[in-house]
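Colleague: First the structure, which I've put down as structure tokens, then a few questions once you've had a look.
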Amino acid sequence: MPTLTLNNGQKIPAIGMGCWIGSPGGGKRVYDYCAKAISVGYRHFDTAASYGNEEAVGQAIRDSGIQREEFFVTTKLADHFHVKEAFEESLKNLGLDYIDLYLMHWPQAITNIHVKPGGDNKPDYLLADALPPEDGPTFIETWLAMEKLVGTGKVKSVGVSNFSIKNLEILLPHCTITPTTNQVEAHPYLPNHELKSYCEAKGILLTAYSPLGKYIECVMVLQF
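Residue numbers (this note's numbering): 1 to 224.
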């Protein structure tokens, strides 16, 4: 698998297996497709606390019999109010000694995270309330708490997700550690050229989720 080099020298596989399946949880389904992905050569797995499936991802990695050092595991912070505790919970859920990349999932602090049943044979989905800046930690405060995790030896790199250029312009002057990555939706229908150029200029690797697109039944997409 080709690798890319982060701004701290760490290597990251160029392609990873995203572990969001369209609804939170997944249990055996997530375990099975992670196990299958490992069998065909995937070594980079991307999950999140809010996905509700860190346990299944970690179990598949441990059951593979492959050395931990061969894997690159990314997970994401949801709870801006308790960064250290949320990180330790993710580490426990994964059942691993360390995490390769820990991302701030969204710039907004959120609360009241809960699952709402889909109904009519539709998948469940995740809901949360995004808080205005004055009602929760700012993403600067959250980031500074994340920087402290690097010194513990339990995480190799930290980064952000879903950050705009404006968000980064606000954050970067306060950083001791520059985010290694900014993970955003990017694909031919949403190429994010300007954001990519900005991140490259700052030494931040832009990584893409939904690289083949989403909402593919949208009329505009079908007409494109």
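Even glycine gets a Cβ: it sits at the ideal position worked out from N, Cα and C. None of these values were measured; they are calculated from a predicted model.
Please name the residue, chosen from Glu200, Gly203, Tyr189, that lies closest to Tyr209 on a Cα-to-Cα basis.
Modeller: Here residue 209 corresponds to residue number 209 of the sequence shown, with the count starting at 1. If we check each option's Cα against that of Tyr209, Tyr189 comes out closest.
Colleague: Which partner residues of Asp46 appear in the DSSP bridge assignment?
Modeller: Locating residue 46 in the sequence shown gives position 46, where the first residue counts as 1. Partner(s): Gly18, Thr74.
Colleague: Ignore the nearest five residues each way along the sequence and tell me which others in Ile38's own chain have a CB closer than 8 Å to its CB.
Modeller: Here residue 38 refers to the residue found at position 38 of the sequence shown. Excluding positions up to five away in sequence, the list reads Ala60, Ile61, Ser64, Ile66.
Colleague: At what residues does the beta strand (DSSP E) containing Leu212 begin and finish?
Modeller: Here residue 212 is taken as the residue at index 212 of the sequence shown, counted from 1. First-last for Leu212: undefined, no H or E at that position.
Colleague: Does any residue of chain C bring its CB to less than 8 Å from the CB of Asn182?
Modeller: The structure shown contains no chain C; it holds only a single protein chain.
Colleague: Tell me Gly159's beta-bridge partners as DSSP assigns them.
Modeller: Taking the first residue of the sequence shown as position 1, residue 159 is located at position 159. Bridge partners of Gly159: Leu103.
Colleague: Taking contact to mean 3 or more Cβ pairs, one atom from each stretch, closer than 8 Å, check whether the segment 165 to 174 and the segment 146 to 155 are in contact.
Modeller: Verdict: no, contact absent.
Colleague: So who's on the other strand from Lys11, going by DSSP bridges?
Modeller: Start at 1 with the first residue of the sequence shown, and residue 11 comes out as number 11. Answer is Thr5.
Colleague: Where DSSP assigns a beta bridge to Glu141, which residues make up the other side?
Modeller: Locating residue 141 in the sequence shown gives position 141, counting from the first residue. Paired residues: none, contrary to the question.
Colleague: Assuming Met104 contacts Phe139 (C-beta within less than 8 Å), just tell me the rounded distance between them.
Modeller: Within the sequence shown, the letter at position 104 stands for residue 104. Within the sequence shown, the letter at position 139 stands for residue 139. Contact flag correct, Cβ pair sits at about 7 Å.
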